[in-house]
Amino acid sequence: MNELELNSQLSDVDFKKNVIKQLIKDFELIGYKLKLKQDATTIELIDEIAFKLIEIENAKASDLIKIAYVVDLGEEIYKAAVSKIDVKRYSDLAFEILKRDAYKVYLRSKF
């Protein structure tokens, strides 16, 4: 799923609400509060998640992998995102987290 496909899915208000609930739940499982607005755009969601990832890494770097585990990101996807040196690594990881949680919500709606 690329950003265009994700935007398309998130245009459905109920779907987006469920994705946001899933994201909040996943972050709470590792002890962090994530505040997301229901009317946020995909870019705004990615930005907020990225800011939270920076906060997590600054607080306790080992918790960064915990969110990847909770979200069920593949190891290769996680490593590819965090191997970047610049700040883009956080937005890349945030996009992957958003995409994965959106996929979980999609699967639950189908089965």
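Remember, the numbering used here sits 27 above the position in the sequence shown when you count from 1.
Don't be surprised by glycine CBs; every beta carbon is placed ideally from N, CA and C.
Bear in mind that the values here come from a model prediction, so they are computed numbers and not experimental data.
Note on geometry: alpha-carbon atoms of residue 111 and residue 29 lie some 19 Å from one another. Residue 49 sits close to residue 132, with the two beta carbons spaced by under 9 Å. Assigned with DSSP and collapsed to three states, residue 65 falls in coil, not helix or strand. C-alpha of residue 99 to C-alpha of residue 123: approximately 10 Å in a straight line.
Around the beta carbon of residue 96, fewer than 16 other beta carbons lie within 10 angstroms, which makes this residue exposed. Counting the other CB atoms within 10 Å of its CB gives residue 138 a total below 16, which places it among the exposed residues. With contacts defined by Cβ atoms closer than 9 Å, residue 80 and residue 121 form a contacting pair. In the DSSP annotation of this structure, the continuous segment of the alpha helix (DSSP H) that includes residue 90 starts and ends at 89-98.
Counting the other Cβ atoms within 10 Å of the Cβ of residue 76 gives 16 or more, which makes it buried. Spatial neighbours of residue 47 in its own chain (CB-CB distance under 6 Å, excluding positions within 5 residues in sequence) are listed in chain order as 63.
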